[in-house]
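**Q** Below is the structure I would like to discuss, written out as C-alpha cells.
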Amino acid sequence: MLHFNGASAKYGISEAGYYGEFGGAFIPEMLYPNVEELRLNYQEIINTPSFIKDFRDLLRDYVGRPTPLFHAKRLSKKFKATIYLKREDLCHTGAHKVNNTIGQILLARHLGKKKIVAETGAGQHGVATATVCALMGLPCSVYMGKLDVERQGPNVDRMRMLGAEVIAVESGNQTLKDATNEAMRHWINNPIDTHYIIGSVVGPHPYPDMVTKFQSVISDEIQKQLLQFTGMENPDYVIACVGGGSNAAGAFYHYLDEESVRLIAVEAAGKGLDTDESAATTFLGKPGVLHGSKSLLMQSEDGQVIEPYSISAGLDYPGIGPMHANLYQQGRVDFMAATDEEALNAGMQLCQLEGIIPALESAHALAVLPKLQFEPSEVVVLNLSGRGDKDLSTYTEELR
Ligand SMILES: *Cc1c(COP(=O)(O)O)cnc(C)c1O
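With the first letter of the sequence shown counted as 1, position 50 gets the number 49 in numbering that gives the first Met the number 0; the numbers rise by one all the way through.
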C-alpha cells in the first residue's frame, strides 16, 4: 500500500519548508497567493484516501507500476557485487518524471485548477506534463528556451502531438533557467485558474517536498521488491543520478534513516571538474537562491548563476534541490561525479551486458560502479531513471 509518510525527522522538511539551512520560499510578492494556496492544502489533499487511490490506480494502469527490480547478473559479475536495476526506464513516457506529473495533475484537479503551465529543458518534463494534461483534458502551456526548442526537436513534436502549446523563450541564454523564469511569470499573471507543475525537487516550498513524496513510490517499491528477492528491505548501496534531484530523492526517501544504507548521488562532471564545462553542483557550487529556494548553486564570484554543461540535457541544471544540499552538508549522501565520456562508456556497457539502452542521465549513475569497491556479498540498487531512445544520436555521434 502506497503511503506518503515515513518522512525523516532528521533529514526531512521543517514546518517552514527548510532542510537544514536550505529550502524556504523566496518568491516575488505577486506569486505569494499561488504558493500559499498550495502550501496550505497539499498535505491534506495528498493524504486523502481518494487522492491516494487515484494516484495508485493511475501509476498501476497508466504508468505501468510497479516497475521491475531487475537482477542484472552480467553487470553484477563484472563489478563483483549483487546489482539490481530499478527499471524507471519502463515507465510510460520513458522515465520517472511521469510519477510526479500524475501526482501534480491530480492535485491541480483537487484545487479546481483549469489550466497547467510548466517549464522544460530537454523536453522530458514537458512531455510528461503534456501527457497527463491530455489524459485529464486540461490545456497546457510549456515554456522552453529557444535554443532547447531547436536542439530537442522530437520532444517538441511529442508535446505538440499531445496537444500542448510550446512557447519558445528568447530571453537570456534561451535555455532552462530562462524558461523557468517565464513560466513563473505566466503563473503570476494567471493566479486563479492555473497550476504550475515543476519537474524536479526544486522551486519554492512546498514543491521540493511535494515532488519528493510523489517520487518516493520508487523506494517504497524497492523495499518490497528487495524483501522478496533477498529477505531484507535494505541494500548496502542505493545509487542515482542528480539533475535537480527528483529520481534520487524518490530512490533515497524511505532509506534516509537507515544509516547502514549508503546513498550515492551522481552529478554530471561534463568535460571534467577542472574545466568550465560541468554541472557538478556540490563540487563547484556555493549557497545561493534560485527559482524560489535556497540551495547549492553554481555561480561566479559575484553571484551570477553559471550556465552549466553536460552531454546529458536532463543533468545540466545549475543547482540541486534543497533536500540534497542538506543531505550533502550533513554527510548523509555521498556525492560523486561522472564525465561525459565515462557516462557514454558506462551506457554502452549496459547495452552490451544487459540489453538495456539507458538514458544518458542514468548512464552517469552507472559510471560510478567501477569507482566503488564492493564486497562480494554486497547488494547494490541502481535507479535506472530513463531509457536512452531520446539519446541515440548522441551515443552514435560520440562513439563513432
Ligand atoms: C530529467 C531526468 C533526470 C534528471 O532529473 P532529476 O530531477 O534529477 O531526476 C534524470 N534521468 C532522466 C531519464 C531524466 O529524464
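Ideal placement from N, C-alpha and C gives every residue a C-beta, glycine not left out.
Between residue 104 and residue 131, how many whole angstroms is the CB-CB distance? I'm expecting something under 8 Å.
**A** Counted from its first residue, the sequence shown places residue 104 at position 105. Counted from its first residue, the sequence shown places residue 131 at position 132. Their Cβ separation, rounded to whole angstroms, is 4 Å, which keeps residue 104 and residue 131 in contact under 8 Å.
**Q** Which two residues bound the contiguous beta strand (DSSP E) that contains residue 161?
**A** Position 162 of the sequence shown, counted from the first residue, corresponds to residue 161. Unbroken run through residue 161: none, as it is neither H nor E.
**Q** Between the Cα of residue 51 and the Cα atoms of 137, 102, 37, which residue gives the shortest distance?
**A** Translated into positions along the sequence shown, residue 51 becomes position 52. Ranking the options by Cα distance to residue 51, first place goes to 102.
**Q** Counting along the chain, where does the alpha helix (DSSP H) carrying residue 322 start and finish?
**A** Numbered from 1 along the sequence shown, position 323 holds the residue referred to as residue 322. Taken as a continuous stretch (DSSP letters only), the alpha helix (DSSP H) holding residue 322 covers 321-329.
**Q** Starting from the N-terminal side, write out each stretch of the beta strand (DSSP E) that is 3 residues or longer and does not extend beyond the region 41-122.
**A** Listed in chain order, they are 68-70, 81-86, 114-119.
**Q** How about residue 25 and residue 203: are their beta carbons less than 8 Å apart?
**A** As a working mapping, residue 25 is identified with position 26 in the sequence shown. As a working mapping, residue 203 is identified with position 204 in the sequence shown. Against a cut-off of 8 Å, the Cβ pair of residue 203 and residue 25 comes out as a contact.
**Q** What residues match up with residue 295 in a beta bridge as DSSP calls it?
**A** Locating residue 295 in the sequence shown gives position 296, counting from the first residue. Bridge partners of residue 295: 286.
**Q** For my contact list, residue 12 and residue 256 are in at a C-beta cut-off of 8 Å; report their separation, rounded to the angstrom.
**A** Numbered from 1 along the sequence shown, position 13 holds the residue referred to as residue 12. Numbered from 1 along the sequence shown, position 257 holds the residue referred to as residue 256. Residue 12 to residue 256, Cβ: 14 Å. No contact.
**Q** Could you give the DSSP three-state label for residue 333: helix, strand or coil?
**A** On the sequence shown, residue 333 is found 334 positions in, with the first residue counted as 1. Residue state, collapsed to three classes: strand.
**Q** Between which two residues does the alpha helix (DSSP H) carrying residue 216 extend?
**A** Counted from its first residue, the sequence shown places residue 216 at position 217. Run containing residue 216: 216-229, per the alpha helix (DSSP H) assignment.
**Q** Does residue 251 pass the burial test, meaning 16 or more other C-beta atoms within 10 Å, or should it be called exposed?
**A** Translated into the one-based positions of the sequence shown, residue 251 becomes position 252. Result: buried.
**Q** Using only the alpha-carbon positions, how far apart do residue 171 and residue 80 sit?
**A** The count along the sequence shown starts at 1 and reaches residue 171 at position 172. The count along the sequence shown starts at 1 and reaches residue 80 at position 81. Computed Cα separation, rounded: 46 Å.
**Q** Just tell me which of 42, 37, 231, 31 has its CA closest to the CA of residue 6.
**A** Locating residue 6 in the sequence shown gives position 7, counting from the first residue. Among 42, 37, 231, 31, the Cα nearest to that of residue 6 is on 42.
**Q** Should residue 240 be counted as a contact of ligand 1 given a C-beta to heavy atom distance under 7 Å?
**A** Against the sequence shown, residue 240 aligns to sequence position 241. Checking every heavy atom of ligand 1 against the Cβ of residue 240, one is found closer than 7 Å.
**Q** Does the beta-carbon of residue 123, which I'm using as the reference point, lie nearer than 7 Å to any heavy atom of ligand 1?
**A** Working through the sequence shown from its first residue, we reach residue 123 at position 124. Yes, since a heavy atom of ligand 1 falls inside the 7 Å radius drawn around the Cβ of residue 123.
**Q** On the premise that residue 286 lies in contact with residue 295, defined as a C-beta separation below 8 Å, what is that separation, rounded to the nearest angstrom?
**A** If you number the sequence shown from 1, residue 295 lands on position 296. If you number the sequence shown from 1, residue 286 lands on position 287. 6 Å between Cβ atoms; contact.
**Q** State whether the region 324-343 contacts the region 54-65, with contact taken as three or more CB pairs (one from each stretch) at a distance under 8 Å.
**A** These segments do not touch.
**Q** Any idea what DSSP makes of residue 3, helix, strand or coil?
**A** Translated into the one-based positions of the sequence shown, residue 3 becomes position 4. Coil at residue 3, not helix or strand.
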